[in-house]
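Report on the following structure.
Numbering (the numbering used here), first residue to last: -5 to 439.
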């Protein structure tokens, strides 16, 4: 009954989100449902929700602030347009789907935190879709697919948390099982890109085109002369190089990793922002630059609050007896260790709405990990399977990252989630099933 309470709460959350009920109200209602059925007191539920929301808001404060300001400056200085124009010239208007996916994936693989990528790619994606006259409803899926699948979990060496967490427990490297990883990445890339291209083609045949109504005042400023290709790409190059440097180098005895997971990328964002401000003041115009700074300093609050509330709901879920029972069920899933690891990680990520959260819970259970390792399986293959499996059910509608991407792109679940579901839930699950099957057959490297 207590596990059923979690299911009912998740269903209520999803239904209310699709009904466009404000996130704050939706999360409170869903949290109370989960808590009441699990016999928690009302204020215990609300305090757990508030603490989870508050700690998340604090953790991501500067990431969202700097990322939003960076995105606005990319738009208003014309850098986004310069990048879009160059990519369209190289690949053609017919390939904007591929361009957005590859651009997003490269940023993720280059070390830009997955949560930040949507702010970076959104203005570029808008310019590309406008140029190709493609409906903006596809943008959240294009970004979510690029940031949350093949580059995040499968490609060997990706510096993202989903690939690093298993190394701490399994004592593997970030390049664990490279062949399995590359196979999984190819499967996801081909299926996801092919599906989104098919949907875009179908949409264009219906006569649907780019609709700027949902952009409101986020629309990209095109009143000034377009920048050169080099100036357009420079902020992204500066961001990636700075991020890699700060994450891996100790500067005069100072190590950014000691100050939190997002200290390096936030500092890199700040440097890129300073560059964009100078670029805007000297190469564009003062008014556009100041507008971007003003909007960037305020527009981050709603996306972060909504994201934090969803994570706070996850905190309530994790505090219930039903969740503890669910973890025990995951531990006792029968079958080969690879199968058990994939299912356990996928289920826990789905309930928490977090790939890294579900992975951490699965790997924090000594009983669960020991049961896998005692069967004599390859730790490298286990690493890759857990990493890929974590990004399946985590992308259900209550996922904080999905909600943030929709907010940044100014789209709704009702218009865009169908495409997100296929590319970030179904596609990773298919890839997981295939690489699990290959591992069971002996391909573990």
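Heads up, the beta-carbon is just placed ideally off N, CA and C, and yes, glycines get one too.
Check: CB-CB length for residue 300 against residue 397, believed under 8 Å; Outcome: 5 Å
Check: Bounding residues of the alpha helix (DSSP H) (the contiguous stretch that carries residue 103); Outcome: 90 to 103
Check: Spatial neighbours of residue 341 in its chain, beta-carbon cut-off 6 Å, leaving aside the 5 residues before and after; Outcome: 324
Check: Buried versus exposed, by CB contacts within 10 Å (16 or more), residue 292; Outcome: exposed
Check: Option nearest residue 168 by Cα separation, candidates 234, 147 and 427; Outcome: 147
Check: Through-space distance from residue 223 to residue 160, alpha-carbon basis; Outcome: 39 Å
Check: C-beta atoms of residue 194 and residue 96 nearer than 8 Å; Outcome: no
Check: Coarse secondary structure for residue 371, derived from DSSP in three states; Outcome: coil
Check: Alpha carbon of residue 371 to alpha carbon of residue 319, nearest angstrom; Outcome: 26 Å
Check: Beta-carbon gap between residue -4 and residue 406 smaller than 8 Å; Outcome: no
Check: Closest Cα partner of residue 33 within the set -2, 7 and 327; Outcome: -2
Check: Cβ separation of residue 307 and residue 43, assumed to be a contact under 8 Å, to the nearest whole Å; Outcome: 7 Å
Check: Within the region 292 to 364, ranges of the alpha helix (DSSP H) (whole runs, at least 4 residues); Outcome: 295 to 312, 315 to 325, 331 to 346 and 349 to 358
Check: Simplified DSSP state of residue 247, which is helix, strand or coil; Outcome: coil
Check: Close beta carbons around residue 347, own chain, < 8 Å, minus the five adjacent residues each side; Outcome: 304, 305, 307, 308, 388, 390, 392, 393 and 394
Check: Nearest residue (CA-CA) to residue 52, options 270, 302 and 113; Outcome: 302
Check: DSSP three-state assignment for residue 59, whether helix, strand or coil; Outcome: helix
Check: Under the three-state DSSP convention, the category residue 378 falls into; Outcome: helix
Check: CA nearest to the CA of residue 62, picked from 344, 430, 267 and 151; Outcome: 267
Check: Same chain only: Cβ atoms within 6 Å of residue 47, ignoring 5 sequence neighbours per side; Outcome: 302, 303 and 306
Check: Cα-Cα separation, residue 376 to residue 328; Outcome: 16 Å
Check: Contacting residues, own chain, Cβ-Cβ under 7 Å from residue 422 (five flanking each side not counted); Outcome: 143, 182, 382, 385 and 386
Check: 7 Å CB neighbourhood of residue 297 in its chain, flanking five on each side removed; Outcome: 58, 398, 401 and 402
Check: Cβ-Cβ distance between residue 290 and residue 77 below 8 Å; Outcome: no
Check: Expected contact under 8 Å - CB spacing of residue 175 and residue 155 to nearest Å; Outcome: No, residue 175 and residue 155 are not in contact; Cβ-Cβ is about 16 Å, not under 8 Å.
Check: Rounded distance between the beta-carbons of residue 145 and residue 103, thought under 8 Å; Outcome: 5 Å
Check: C-beta atoms of residue 335 and residue 69 nearer than 8 Å; Outcome: no
Check: Distance CB(residue 134)-CB(residue 74) smaller than 8 Å; Outcome: no
Check: Same chain, Cβ closer than 8 Å to residue 211, five either side skipped, listed in chain order; Outcome: Since pLDDT at residue 211 reaches only 44, below the 50 mark, its modelled position is unreliable, and the value read off the structure follows with that caveat. The residues are 289.
Check: Assumed close pair residue 229, residue 275 - CB separation to whole angstroms, cut-off 8 Å; Outcome: Actually they are not in contact, since the Cβ atoms of residue 229 and residue 275 sit about 14 Å apart, beyond 8 Å.
Check: Coarse secondary structure for residue 189, derived from DSSP in three states; Outcome: helix
Check: Same chain only: Cβ atoms within 8 Å of residue 294, ignoring 5 sequence neighbours per side; Outcome: 58, 59, 61, 62 and 63
Check: Whole-angstrom distance between residue 5 and residue 312, CA atom to CA atom; Outcome: 17 Å
Check: Endpoints, the alpha helix (DSSP H) within which residue 121 is located; Outcome: 108 to 126
Check: Pairwise C-alpha distance: residue 94 and residue 120; Outcome: 10 Å
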